[in-house]
Amino acid sequence: MAGVAELMGTTGVALAAEFHVPQIDEFLPPEIIFAGTPFAMNRIVMVRLIATAVMLLVFGITAARAKLIPGRWQGAVEWLIEFVQNNIVYEVMGELRGKRYVPMITTLFLTIMVFNLCGIIPFANMSANATFVMPLLFAVWTFVQYWRAAIREKGLLAYLKEELLPEGVPIPVYIILAPMQLIDIVLIRPASLAIRLFANMVAGHLIVALCFAATQFFLIESHNMMAGFGVLTLAGGFIMTLFEAFVAALQAFIFATLSCVYINLSYPEEA
Amino acid sequence: METQAVDGVKLFIPETYDIFWSAVVLVVVAVFFYKFFLPKFQAIFDERAAKIEGGIAKAEKAQADADAAKKKYEDQLNTARVDAAKIRDDARTEASHIIADARVKAEADAAQITANAQKSIESQQQQALVSLKGEVGALATALAGKILGSKLQDADVQTSMLDSMIEDIDKDSAGKAK
Numbered sequence: 052m053a054g055v056a057e058l059m060g061t062t063g064v065a066l067a068a069e070f071h072v073p074q075i076d077e078f079l080p081p082e083i084i085f086a087g088t089p090f091a092m093n094r095i096v097m098v099r100l101i102a103t104a105v106m107l108l109v110f111g112i113t114a115a116r117a118k119l120i121p122g123r124w125q126g127a128v129e130w131l132i133e134f135v136q137n138n139i140v141y142e143v144m145g146e147l148r149g150k151r152y153v154p155m156i157t158t159l160f161l162t163i164m165v166f167n168l169c170g171i172i173p174f175a176n177m178s179a180n181a182t183f184v185m186p187l188l189f190a191v192w193t194f195v196q197y198w199r200a201a202i203r204e205k206g207l208l209a210y211l212k213e214e215l216l217p218e219g220v221p222i223p224v225y226i227i228l229a230p231m232q233l234i235d236i237v238l239i240r241p242a243s244l245a246i247r248l249f250a251n252m253v254a255g256h257l258i259v260a261l262c263f264a265a266t267q268f269f270l271i272e273s274h275n276m277m278a279g280f281g282v283l284t285l286a287g288g289f290i291m292t293l294f295e296a297f298v299a300a301l302q303a304f305i306f307a308t309l310s311c312v313y314i315n316l317s318y319p320e321e322a
Numbered sequence: 185m186e187t188q189a190v191d192g193v194k195l196f197i198p199e200t201y202d203i204f205w206s207a208v209v210l211v212v213v214a215v216f217f218y219k220f221f222l223p224k225f226q227a228i229f230d231e232r233a234a235k236i237e238g239g240i241a242k243a244e245k246a247q248a249d250a251d252a253a254k255k256k257y258e259d260q261l262n263t264a265r266v267d268a269a270k271i272r273d274d275a276r277t278e279a280s281h282i283i284a285d286a287r288v289k290a291e292a293d294a295a296q297i298t299a300n301a302q303k304s305i306e307s308q309q310q311q312a313l314v315s316l317k318g319e320v321g322a323l324a325t326a327l328a329g330k331i332l333g334s335k336l337q338d339a340d341v342q343t344s345m346l347d348s349m350i351e352d353i354d355k356d357s358a359g360k361a362k
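Following this line, the structure appears as structure tokens:
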């Protein structure tokens with residue numbers, strides 16, 4: 052029990068009877084390997100690399116051993132692949148358009164979900180998406196894809212005209228509408244994707260860490276009348292951990308679905 | 185709280201090494217999914233679909249074959265039944281013919297035998313009549329000789345007497361016949 056707070060990634064050992072409140076610093080951990088070079092690693096980068104290695108290993112072995120008649124694990128993985136294909140990509144874009152984007156969205160969904168789940172895996176206790184760059188790169192990928200789709204399907208000028216100066220709008224409104232639309236397709240879409248994912252990971256970690264830090268403080272370090280409250284925070288931490296597992300999958304689903312929606316918006320109206 | 189606000193903004197300022205490692209991870213992960221993971225599973229899905237479709241087609245073919253075989257055997261059975269009935273009918277007709285022929289032949293034979301027997305009886309009757317006539321004549325001569333003795337030694341008398349006697353017998357038998 053004494054290790055719980057530490058396991059949950061709250062850095063440092065709390066001094067006796069001192070309530071260690073999780074800080075923003077936890078998302079800016081010190082560089083521990085190759086410090087000062089462009090290849091430096093901090094704790095979150097390490098979690099990310101290990102998570103990547105484990106994911107590639109597990110999925111790689113699953114794919115290499117994939118049989119015509121699937122076992123339970125292969126069945127589960129296949130269910131995930133088909134879920135992304137049918138319930139995310141084809142649901143939003145239809146099969147004809149969607150086919151080209153199935154690999155991209157599958158990559159996004161599975162990677163984001165695995166990275167998010169690191170937030171509740173003991174000893175990692177930190178989402179691999181908990182530095183801003185990773186979600187940002189995912190979002191940039193979507194950004195590039197929907198611009199490419201727009202240029203390919205409509206042509207750049209036609210796309211801009213359609214987005215910035217939509218038909219059937221009174222001309223004076225264009226003065227407000229055009230800049231808003233421009234900011235939307237250039238900045239808001241990728242930024243919202245990245246910030247939503249990143250902020251969810253940060254907030255989730257802070258809440259779980261806070262719950263267990265409080266448990267550590269009330270139940271173990273200060274033996275007083277507040278012990279009952281410690282039990283409550285322990286239960287809270289437990290529930291929030293489960294909730295984080297749900298959020299991990301939910302945020303991956305939202306990211307993948309919105310990527311499909313943005314790409315689909317680049318296509319002409321008719322199917 | 186003010187320091188915290190500054191820290192918060194820091195979260196969104198990318199570090200060079202973070203950009204580097206994130207990009208590496210993204211490229212590695214994308215290559216893995218694009219080049220290996222998804223094609224592998226797509227191949228499995230396609231192969232499975234082909235197998236299932238092939239299996240269904242095979243089952244349909246087997247069903248069709250079985251139906252054809254069943255129809256063939258039923259046809260053969262029907263033909264056999266018809267043939268058997270025909271053979272039975274033929275046999276029955278032939279048997280009745282044989283019986284009829286045999287009856288006709290038997291009747292003819294019987295008539296022949298009867299006719300032969302009739303003829304033989306008639307001829308034997310004739311023979312018996314002739315021999316009887318001779319014997320009766322001799323007997324009567326002997327008898328009359330004994331009765332008349334020497335009186336009848338003369339051949340002329342003997343002959344005339346015999347003739348008159350035979351005449352009487354003939355008359356007698358003719359009268360009886362009437």
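Top line first, the protein sequences correspond to chains A and B. Here the first sequence is numbered in our numbering, starting from 52 and rising by one per residue. Here the second sequence is numbered in our numbering, starting from 185 and rising by one per residue. Beta carbons are placed, not taken as given, at the ideal position from N, Cα and C, and that holds for glycine. Since the structure is predicted, the reported quantities are computational estimates derived from the model, not experimental observations.
Pull up the distance between the alpha-carbon of residue i and that of residue j, whole angstroms please.
| i | j | result |
| --- | --- | --- |
| residue 252(B) | residue 260(B) | 12 Å |
| residue 205(A) | residue 198(A) | 10 Å |
| residue 210(A) | residue 202(A) | 7 Å |
| residue 172(A) | residue 292(A) | 10 Å |
| residue 119(A) | residue 138(A) | 23 Å |
| residue 188(A) | residue 195(B) | 15 Å |
| residue 313(B) | residue 284(B) | 43 Å |
| residue 290(A) | residue 298(A) | 12 Å |
| residue 200(A) | residue 191(A) | 14 Å |
| residue 315(A) | residue 224(A) | 26 Å |
| residue 213(B) | residue 208(A) | 34 Å |
| residue 313(A) | residue 240(A) | 8 Å |
| residue 288(A) | residue 278(A) | 15 Å |
| residue 103(A) | residue 205(B) | 11 Å |
| residue 157(A) | residue 241(B) | 33 Å |
| residue 256(B) | residue 248(B) | 12 Å |
| residue 352(B) | residue 299(B) | 35 Å |
| residue 345(B) | residue 304(B) | 36 Å |
| residue 129(A) | residue 246(A) | 30 Å |
| residue 97(A) | residue 272(A) | 31 Å |
Taking Cβ-Cβ distances shorter than 8 Å, what residues in chain B pair up with residue i?
| i | result |
| --- | --- |
| residue 263(A) | Within chain B, no residue comes near residue 263(A); the closest Cβ sits about 21 Å away, beyond 8 Å. |
| residue 319(A) | Residues of chain B passing the Cβ test: none, with the nearest at roughly 26 Å. |
| residue 345(A) | Beyond the ends of chain A as shown, which are 52 and 322, falls residue 345(A); an answer cannot be given. |
Going by the DSSP bridge assignment, what does residue i pair with across the sheet?
| i | result |
| --- | --- |
| residue 92(A) | 84(A) |
Applying the 10 Å Cβ sphere with the 16-neighbour rule, what's the burial state of residue i?
| i | result |
| --- | --- |
| residue 115(A) | exposed |
| residue 265(B) | exposed |
| residue 281(B) | exposed |
| residue 77(A) | buried |
| residue 325(A) | The first residue shown for chain A is 52 and the last is 322, placing residue 325(A) beyond what the model contains. |
| residue 230(A) | exposed |
| residue 67(A) | Summary for residue 67(A): the model assigns pLDDT 47, below 50, so the residue's position carries little reliability, and this model does not support an answer. |
| residue 278(B) | exposed |
| residue 92(A) | buried |
| residue 200(B) | exposed |
| residue 182(A) | buried |
| residue 202(B) | buried |
| residue 108(A) | exposed |
| residue 135(A) | buried |
| residue 236(B) | exposed |
| residue 178(A) | buried |
| residue 168(A) | buried |
Determine the chain A residues that contact residue i at a beta-carbon separation under 8 Å, and present them in chain order.
| i | result |
| --- | --- |
| residue 194(B) | 75, 79 |
So which residues on chain B does residue i lean against when the C-beta distance must stay under 7 Å?
| i | result |
| --- | --- |
| residue 129(A) | 225 |
| residue 91(A) | 201 |
| residue 114(A) | 220, 221, 224, 225 |
| residue 193(A) | Ordered by position in chain B, no residue passes the 7 Å Cβ test against residue 193(A), which lies about 12 Å from the chain. |
| residue 109(A) | The premise fails here: residue 109(A) is roughly 11 Å from chain B at the closest Cβ pair, so nothing lies under 7 Å. |
Is it the case that the Cβ atoms of residue i and residue j are separated by a distance below 7 Å?
| i | j | result |
| --- | --- | --- |
| residue 255(A) | residue 266(A) | no |
| residue 80(A) | residue 261(A) | no |
| residue 303(A) | residue 185(A) | no |
| residue 354(A) | residue 252(A) | Because chain A in this structure spans residues 52 to 322, residue 354(A) falls outside the shown range and cannot be described. |
| residue 153(A) | residue 143(A) | no |
| residue 19(A) | residue 229(B) | Residue 19(A) is absent from the structure shown; chain A starts at 52 and stops at 322. |
| residue 232(A) | residue 215(A) | yes |
| residue 166(A) | residue 248(A) | no |
| residue 99(A) | residue 209(B) | yes |
| residue 259(A) | residue 213(A) | no |
| residue 193(A) | residue 317(A) | no |
| residue 9(A) | residue 224(B) | A question about residue 9(A) goes unanswered here, because the residues of chain A that appear run from 52 up to 322. |
| residue 75(A) | residue 192(B) | yes |
Which residues of chain A have a Cβ atom closer than 7 Å to the Cβ of residue i, listed in chain order?
| i | result |
| --- | --- |
| residue 232(B) | 119 |
| residue 203(B) | 184 |
| residue 228(B) | 117, 119 |
Just to make sure I have the definition right: I need the residues of chain A whose C-beta is within less than 9 Å of the C-beta of residue i. Which are they?
| i | result |
| --- | --- |
| residue 261(B) | None at all; the shortest Cβ gap to chain A is about 43 Å. |
Anything in chain B within Cβ reach of residue i, meaning under 9 Å, just list it in chain order.
| i | result |
| --- | --- |
| residue 285(A) | Near residue 285(A) there are no residues of chain B at all, since even the closest Cβ is about 26 Å away, more than 9 Å. |
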